[in-house]
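Quick note: the sequence shown uses the numbering used here, first residue 20, plus one each step.
We put the CB at the ideal spot given by N, CA and C, even for glycine.
Everything numeric in this text was worked out from a predicted model, so none of it was measured.
Contents: one structure, followed by commentary.
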Amino acid sequence: MNRHARRAAAARARKMQRHDAWYRGYVQHLPRVPLDAPDERGRVYHMCFHHDHWCRFYDTENIADCNCEPIITKHVEPRRS
């Protein structure tokens with residue numbers, strides 16, 4: 020593996036660590052909503068896609084290249100007063 024490929028792999032790893040920390044620290048604790056539930060106007064929803072570690076998406080960062088069955092979750096922000 021050349022220097023460019025090593026640097027790109029390290030950058031992807033850092034990006035995934037930041038995303039995982041954001042998910043575990045914030046989104047994971049929000050209420051889950053069924054995927055087919057209608058969205059309400061004025062609410063903030065988070066869609067989370069968890070790809071397998073071998074998925075081609077991580078190489079190209081293009082969702083069209085996904086070759087796995089990702090786990091998709093939908094979370095909703097609590098209402099603010």
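- By the Cβ rule, the region 52-62 does not count as touching the region 35-44, because fewer than three pairs are nearer than 8 Å.
- The closest CA to that of Glu59, considering only Ala24, Glu96 and Trp73, is found on Glu96.
- Boundaries of the alpha helix (DSSP H) harbouring Tyr77: Phe76 to Thr79, taken from the DSSP string.
- Apart from sequence neighbours up to five positions away, the residues of its chain that approach Trp73 with a beta-carbon distance below 8 Å are Cys87, ordered along the chain.
- The beta carbons of Phe76 and Cys67 sit no closer together than 9 Å.
- When the beta-carbon positions are compared, His65 and Lys93 come within less than 9 Å of each other.
- For Tyr64, the uninterrupted beta strand (DSSP E) segment begins and ends at Tyr64 to His69.
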